[in-house]
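Residue numbers (our numbering), protein chains in the order written: chain F, 61 to 307; chain G, 402 to 657.
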C-alpha cells in the first residue's frame, strides 16, 4: 500500500504540488489523471524517491521513504519497476542488455539464467527474439514495450508508468494499454499510471485520481469518476469528449 | 551601473554555486569509489575508452611537439654554440610541462567532451533517472569509473607523449640538424632527473581528475534537451582546458 501524505513541492518560484493526499491500493491499477504540466510526473517521481518533497511523507507499506539514506532507499527501489516516458533505454546497450541490466546489477544469477529471464520478459511484452537490436532501431511503441520488459525484470511488486502512451499513434497506444491491463491481471501487482489521456485512464484503471492545481481533486472508480459532479472533473471530461468528436 | 553590479554579482554567485556543486560531486565520487563491490569491469572499459582510443592522438601530438621544440631551440642555442643542449631542452620541456599539459588537453577534447555529451544525453532522456529507479547509483556506475580511469590513464599517456616527443627531438636534432648523437644523449642523461619525470606524471594524474570531473559534472547537470547537451559539452572543454592550465601553474610553483 502506498500512502502519500500532504506532499508539497516547489521548483524555484513555481509551486507544483500543494498538499497532495492519496492512497494507492495494493494489487490494482491506479491512474493519476491530469492536464499536461500539472505535476503528474513530479508526483510519480516522489513515489520512488527520485524527487524529495519539501514537506510531507510517502509511505510504502508503513515505511516513510522520504528521510531514507541512499542504501536504504535503494533496497526499497528494488521492489519497484518504472517505465519512463520514452522508455529511457540505455542507448549504448542492446535490447537484451537493457532488460538484463537490473538482473545483473542485483542478483548473482549465471548468464544463462539471465538470458532466460530476458527472453521470458521480452515474450511477455510480445517482442521475442529482438535481444540483439539497438534501441535506436526500435519504434516508439517498441521502446515502451522493451522499457516495460526491463521494468518487470526483477518481478517488482509495484510498477510505475510515466505517460506510457503519449506520442504514440492510436493503434499502438491501444496495444500498450491492453498490455498494461493484461500484465496487471496476470501478475496482480500494484500499477500506478500517470496520463493526460482520459480514454486510456478509463480503459486501464481500477481507480482514477485527478490531479489539478497541485492537489488531488477527485478519486474513485471509473464509474464514480464519470458521474462526478466536481466542476474540474466535468470540465476535463467535456473537453476531452469534445476533442474526440472533432477527431 | 547598478545593473552592471547586479550582473557581476549574479555571475559570481553562479560560478561559486558551480564550484560548490563540483566539489560535492567530487566528495560523492570519492565516497562511492571506496564503497564495495568494486566495479573493475566498468573501470577497465573506461580506461580503454579514454586511454587506448586517445593513444594515436597523443603520439602525434608528442611527436610534433618534440620535433618543433628541437627546431626552435636549435635556432636559439646555436647562437651560443650550445646546440648539444637541444636534447636536454626538449626532454625537460616534455617531461615537466608539455607532455602532461598537451596530453591532458588532447584527452579533454577527445574523452572529456565525450563524457559530457554521453552523460548529458543520458540525463535529458531520463536514463539517469532510470538508473536511480533501478536502484543503481549513477555516480557510482557512471562517474567513478570515468574519474578513476582518467586519473590512472593520463600518466600512462603522458609517458608515451614524453617518449615520442624526445624521439622526435632526437630525429630532428641528430638526423636532420646533425648534432652529435653522443653529446645529445649524454647531456640529456646528465641534466634530466627522475624527479622531473615523476612530477610531470603527478601533474598528469591531477589533470586527469580535473578533466573527467568537469566533463562528468557538466553532463550530469545538463538540462534543456539537445541544446543543453551541446552547451554542456562546449563548456566542459573550455572550462577543463583553462582549469588544466591554471592548475599547471600552481603545481609547477609548488613542485619545482
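Note that the Cβ used here is the ideal one computed from N, Cα and C, for glycine as well.
For residue 607 of chain G, is the classification buried or exposed, using 16 other Cβ atoms within 10 angstroms of its Cβ as the cut-off for buried? buried
Contacts that residue 533 of chain G makes with chain F (C-beta to C-beta distance below 7 angstroms): 110
Given residue 121 of chain F, which residues of its chain have a CB within under 7 angstroms of its CB, disregarding the five upstream and five downstream residues? 61
Three-way DSSP call (helix, strand, coil) for residue 81 of chain F in this model: strand
Show which residues of chain G have a CB atom less than 9 angstroms away from the CB atom of residue 166 of chain F. 535, 536 and 537
Can you tell me where the beta strand (DSSP E) holding residue 269 of chain F begins and where it ends? 267-272
Return the chain-ordered list of same chain residues with a C-beta closer than 6 angstroms to the C-beta of residue 125 of chain F, the five sequence neighbours on each side being excluded. Closer than 6 angstroms at the Cβ level, and outside the excluded window around residue 125 of chain F, lie 109, 118 and 136.
Please return the same chain residues whose Cβ sits closer than 7 angstroms to the Cβ of residue 559 of chain G, not counting the five positions on each side in sequence. 500, 501, 504, 601, 602 and 605
Is the separation between the beta-carbon of residue 575 of chain G and that of residue 564 of chain G shorter than 8 angstroms? no
Where does residue 203 of chain F sit, in a helix, a strand or coil, going by DSSP? helix
Measure the CB-CB distance between residue 490 of chain G and residue 470 of chain G and report whether it falls below 8 angstroms. A distance below 8 angstroms separates the beta carbons of residue 490 of chain G and residue 470 of chain G.
Tell me the residue span of the beta strand (DSSP E) that contains residue 105 of chain F. Not the beta strand (DSSP E): residue 105 of chain F falls in the alpha helix (DSSP H), residues 100-107.
With a cut-off of 8 angstroms, does the C-beta of residue 170 of chain F fall near any C-beta of chain G? no
Nearest chain F C-beta to residue 526 of chain G closer than 8 angstroms, yes or no? yes
Are the region 163-176 of chain F and the region 94-113 of chain F touching by the rule of at least three beta carbon pairs closer than 8 angstroms? No contact exists between the region 163-176 of chain F and the region 94-113 of chain F.
Taking buried to mean at least 16 other C-beta atoms within 10 Å of its own C-beta, is residue 570 of chain G buried or exposed? Buried: at least 16 other Cβ atoms inside 10 Å.
Please confirm whether residue 215 of chain F has its beta-carbon closer than 8 angstroms to some beta-carbon of chain G. no
Any idea if residue 115 of chain F is buried or exposed, counting beta-carbon neighbours within 10 angstroms, 16 or more meaning buried? exposed
According to DSSP, simplified to helix, strand and coil, what is residue 189 of chain F? coil
Considering residue 622 of chain G, what are the terminal residues of the alpha helix (DSSP H) in which it resides? Note, residue 622 of chain G: premise wrong, no alpha helix (DSSP H); not H, not E.
Residue 142 of chain F touches chain G at which residues, Cβ-Cβ below 9 angstroms? 530, 531, 534 and 535, listed in chain order.
For residue 420 of chain G, the first and last residue of its enclosing alpha helix (DSSP H): 403-434
Assuming residue 260 of chain F contacts residue 286 of chain F under a Cβ cut-off of 8 angstroms, what Cβ separation, rounded to an integer in Å, is found between them? Actually they are not in contact, since the Cβ atoms of residue 260 of chain F and residue 286 of chain F sit about 15 angstroms apart, beyond 8 angstroms.
In chain G, which residues lie with their C-beta within 8 angstroms of the C-beta of residue 148 of chain F? 526, 527, 528, 530 and 531
Quick check on DSSP: helix, strand or coil for residue 559 of chain G? helix
Give, in chain order, every residue of the region 126-140 of chain F whose Cβ lies closer than 7 angstroms to some Cβ of chain G. 130, 134, 137, 138 and 140
I need the straight-line Cα distance from residue 252 of chain F to residue 91 of chain F, nearest angstrom please. 6 angstroms
Just to confirm the assignment, what range does the beta strand (DSSP E) spanning residue 143 of chain F have? 140-143
Beta carbon proximity, residue 162 of chain F to chain G, threshold 8 angstroms: Chain G, which has a Cβ nearer than 8 angstroms to the Cβ of residue 162 of chain F, makes this yes.
Give me the Cβ distance between residue 206 of chain F and residue 147 of chain F, rounded to the nearest whole Å; I'm assuming they're in contact under 8 angstroms. 6 angstroms
First through last residue of the beta strand (DSSP E) which encompasses residue 510 of chain G: Note, residue 510 of chain G: premise wrong, no beta strand (DSSP E); not H, not E.
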